[in-house]
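Below: one structure, written as structure tokens.
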Amino acid sequence: MSDSDENEQQRKIVLPQIIMNVCDTQYQVVRYVGQEILKWKLIAEPESWDWDVYWTDSGVHAEMLSKMKQHQKVNHFPGMYILARKNNLGKQLTKMRRRFPKEFKFFPFTWMLPSDAQDLKEYMKGKGRDEILIVKPEASCQGRGIFLTKSLDFISPTERYVVQKYLGDPFLIDGLKFDFRIYVLVAGCDPLRIFIYTEGLARFATEKYITPHPTNFDDLCMHLTNYAINKNNENFVFNEDVQRMDIGHKRSMSSVFEKLKQEGRDIDQLWMDIKQIIIKTLCSAQPFLKHQYTTSQPNNLMNNMCFEILGFDIILDNSFTPILLEINHSPSFTTDSPLDQYIKANLIEDALVLMNVNREEKYRLIQEKHQEMQKRILTGRNIRMTQEDRKAIIEQYQMIRDAYEDEHLGGFEKIYPCDEEYETDYYTQFLTYASDIFEESTGTKKVQLPPNRKITGSPQKSIKHDAAKIYAQPLRVVVQSQQLQSRKTKQHTLLYKSMIQQQIQQEQRKIQIIMKQREQVQQKQKYIQ
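Those letters in the sequence shown? Residues 8 to 536, by this note's numbering.
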């Protein structure tokens, strides 16, 4: 076949349409992004499997993932409840803190009732006798059912609660308590692929904060920053102008960062600390997520059929230290204000683009699957690849994905895998111990390691475990790292374009080969007849 004939056939290819199933989402902004911005076809059919992206406001079961085709994507991971439920998050991070007390001190002391009732009683009799507790129903959201207390007499011994040490000395702005809703995209779980969105929300309480006392425990608009609670307060100010994101009781994260920076606060260090909290937390859940994913889709070598936008709620204490409050696996995408619409629409669009949902990629994956089926028909058996082949293919997919992501970050920043090897080694110790916890909980652990063993991968030789010092580098090294990253990005871009061109050419040649093979098979069948 001549090059002109091949180019002519390439022009005749009709790329398939992208279909998004929105039957299980209440959020108009999701539909807006899919239909108006990305120009996809929307359907709302619960029973249909004819879609490329399935967006749901609830969790996803492993059974659904197991039925999906390679080109399909869903906006949740099976098993993310290990972090999204308050009790599971408390259990997971408490286990990690027992092994790494310094590295996992970013989470309040937590007790799960009724199982931890005795431990809580002992704490309150001892060093916690003067502490204030915040009590949250195990499965609540939007601040429902939360109350403060200094006495266990107000806590039912049979109810399922998550009890935490209350942060009584928060950092204030204009005398108000506030927290950040930080959006995190988990784009893969084996290995982890984590992106943080550089814009988020700052949510303010509507009553001036004063020292907590039993007489004001019921003033939830002072103690809680939840939008669902404070929006009904007469003091609540809505943001009506997207050009002024520093106004109101819900503001952009960047506007608050700018205000704090002008006051002399180290925002770069704060952002670094927040990113560490996110990575460490997700490392603690990675073995569980990996197990759920790989057992449902053992042949998905691209690690890209699930993605999830998480909402990390982080508050600052009086020393400007970030504290993780909770994680939402279905953060609210309501758009009550222009600020909400602006931030959330951009967030959703950037996430879907970063996941490489497009007509060309859909066509490539469908053709790849079609060729695999043709090989099975012609050979009469499945083609099994060796471990070496599997590893090589995974590495190639990761290189292609790295190159694509570097070009399509939008408002995201990639935070894991890390650019520097020593950073990756640092987090490896948390992944290793999380795997130990998972194996023990599932009964798959083969060797019981001593509890005081050293875990390799930690930069103990020259850098302490203190989070700030781990990332401290001489200026010369930072400059070299930035130059290297710039060169790496250019190389990724050239590599991506080259590989895509090669893939298109290879796909065309494979189609021709398959057509010839099909003709030969048909001729043989006619001859036999």
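The beta carbon of each residue, even a glycine, is placed where N, CA and C say it ideally should be.
Residues bridged to residue i [DSSP beta-bridge criterion]
i, result
"residue 259", "208"
"residue 391", "Paired residue(s): none; residue 391 is not in a bridge."
"residue 244", "Paired residues: none, contrary to the question."
"residue 237", "In the DSSP output, where bridge partners are listed per residue, residue 237 has none listed."
"residue 334", "319"
"residue 202", "192, 421"
"residue 119", "169"
"residue 61", "28, 81"
Cβ pair residue i, residue j closer than 9 Å
i, j, result
"residue 215", "residue 183", "yes"
"residue 169", "residue 93", "yes"
"residue 362", "residue 311", "yes"
"residue 292", "residue 99", "yes"
"residue 340", "residue 61", "no"
"residue 193", "residue 84", "yes"
"residue 49", "residue 82", "no"
"residue 157", "residue 140", "yes"
"residue 360", "residue 59", "no"
"residue 155", "residue 230", "yes"
"residue 445", "residue 290", "no"
"residue 352", "residue 44", "yes"
"residue 331", "residue 277", "no"
"residue 74", "residue 56", "yes"
"residue 2", "residue 197", "With the chain represented from 8 up to 536, any question about residue 2 goes unanswered, as that position is not in the structure."
Per-residue burial, residue i [other beta carbons within 10 Å of its own, 16 or more giving buried]
i, result
"residue 213", "buried"
"residue 318", "buried"
"residue 97", "buried"
"residue 76", "exposed"
"residue 120", "buried"
"residue 303", "buried"
"residue 87", "buried"
"residue 241", "exposed"
"residue 125", "exposed"
"residue 582", "Here the chain comprises residues numbered 8 to 536, so residue 582 is not present and cannot be evaluated."
"residue 108", "exposed"
"residue 314", "buried"
"residue 22", "exposed"
"residue 449", "exposed"
"residue 65", "exposed"
Cut-off 6 Å between Cβ atoms - residues of its own chain near residue i, not counting five sequence neighbours on either side
i, result
"residue 236", "150, 227"
"residue 69", "85, 299, 303"
"residue 254", "246"
"residue 116", "172"
"residue 452", "446"
"residue 138", "172"
Cβ-based neighbour list, residue i, same chain, cut-off 8 Å, excluding 5 preceding and 5 following
i, result
"residue 112", "104"
"residue 325", "176, 177, 178"
"residue 338", "188, 190, 316, 317, 318"
"residue 143", "93, 152, 153, 168, 169, 170, 171"
Same chain, Cβ closer than 7 Å to residue i, five either side skipped, listed in chain order
i, result
"residue 420", "202, 203, 205"
"residue 223", "217, 229"
"residue 30", "51, 52, 53"
"residue 468", "Its pLDDT being 36, under 50, residue 468 is placed unreliably in this model, and the coordinates cannot settle the point."
"residue 281", "189, 321, 329"
Closest by C-alpha distance to residue i, when choosing among the options
i, options, result
"residue 238", "343, 30, 324, 251", "343"
"residue 320", "336, 313, 305, 308", "336"
"residue 20", "398, 367, 413, 219", "367"
"residue 347", "29, 192, 314, 246", "246"
"residue 7", "439, 185, 281", "This structure leaves residue 7 out entirely; the chain is present only between 8 and 536."
"residue 415", "354, 448, 449", "354"
"residue 25", "41, 251, 31", "41"
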